[in-house]
Amino acid sequence: MSKRPLLVRKIKNGTVIDHIPAGTALTVLKILGITGREGYVIAIVMNVNSKKLGVKDIVKIEGRELKKEEVDKIALVAPTATINIVRDYAVIDKYKVSLPDRIVGIIKCTNPTCISRKENEPVAPTFKVISRNPVKLQCEYCGTYVTSEDIVAQLTK
Ligand code: CTP
Ligand code: ZN
């Protein structure tokens, strides 16, 4: 148990997204569509010390749980994140986000002439995960590399 007081109090019910790469908390909130105007109690902690990461961000959302599609998107921008489900102050479930070896859908190829971008082609954009941290993907149709910055730009548009 740490002897230092908590920077932000514990939440009663909701989700704590922990071990977010430092500087990425606002991107995570944007992906969740959270603007602050929905009324949830939210704590954003940025650039705090972490044994595992050196420095990290944390997002606590009172009264909101995450859908699988939301967690899959978070994995693309915050591949080290841990999702903690809190009920009545206790962490009842904890899991790391996970990036599969292939990503189908979710993002578009950045090459405008890629076959996966043609309107009438029934092909879903598919990428091979080349690197996990930082995330780098490669389009299975045209070979174009998609960087972490490209992914953030698309998911926060
Ligand atoms: N947390 C919270 N409110 C609660 C319970 C936990 O805000 N009611 C937060 C903690 O402050 C921490 C995260 O959720 O940021 C995970 O809590 P816990 O599993 O208790 O902490 P650790 O064991 O330190 O987590 P880990 O091993 O994943 O680093
Ligand atoms: Zn492509």
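The sequence shown begins at 76 in the numbering used here and counts up one residue at a time.
Idealized CB from N, CA, C, for every residue including glycine.
Keep in mind that this is a model prediction, so the values were computed, not measured.
So what's residue i in DSSP terms, helix, strand or just coil?
i	result
V172	coil
I226	helix
I86	coil
I167	strand
For the ligand CTP, any of its heavy atoms closer than 6 Å to the Cβ of residue i?
i	result
I160	no
K135	yes
T201	no
K105	no
Measure from the alpha carbon of residue i to the alpha carbon of each residue in the options, then state which is nearest.
i	options	result
T90	V204, G218, V134 and I182	V134
E137	S223, R84, P209 and K232	R84
L128	Y115, E145, G98 and K142	G98
K203	V103, N195, P96 and L151	L151
K87	V103, P80, Y115 and H94	Y115
V266	Y164, R112 and R79	Any question about residue 266 goes unanswered here, given that the chain covers just 76 to 232.
I181	K126, T157 and I149	I149
Less than 6 Å between the CB of residue i and some heavy atom of the ligand ZN, yes or no?
i	result
Y216	yes
T219	yes
N88	no
S125	no
Can you tell me where the alpha helix (DSSP H) holding residue i begins and where it ends?
i	result
D147	K143 to V152
I106	A100 to I106
By the DSSP assignment, the beta strand (DSSP E) with residue i in it spans what residues?
i	result
I117	I117 to S125
Could you say if the stretch 212 to 219 and the stretch 173 to 186 meet the contact criterion of at least three C-beta pairs nearer than 8 Å? yes
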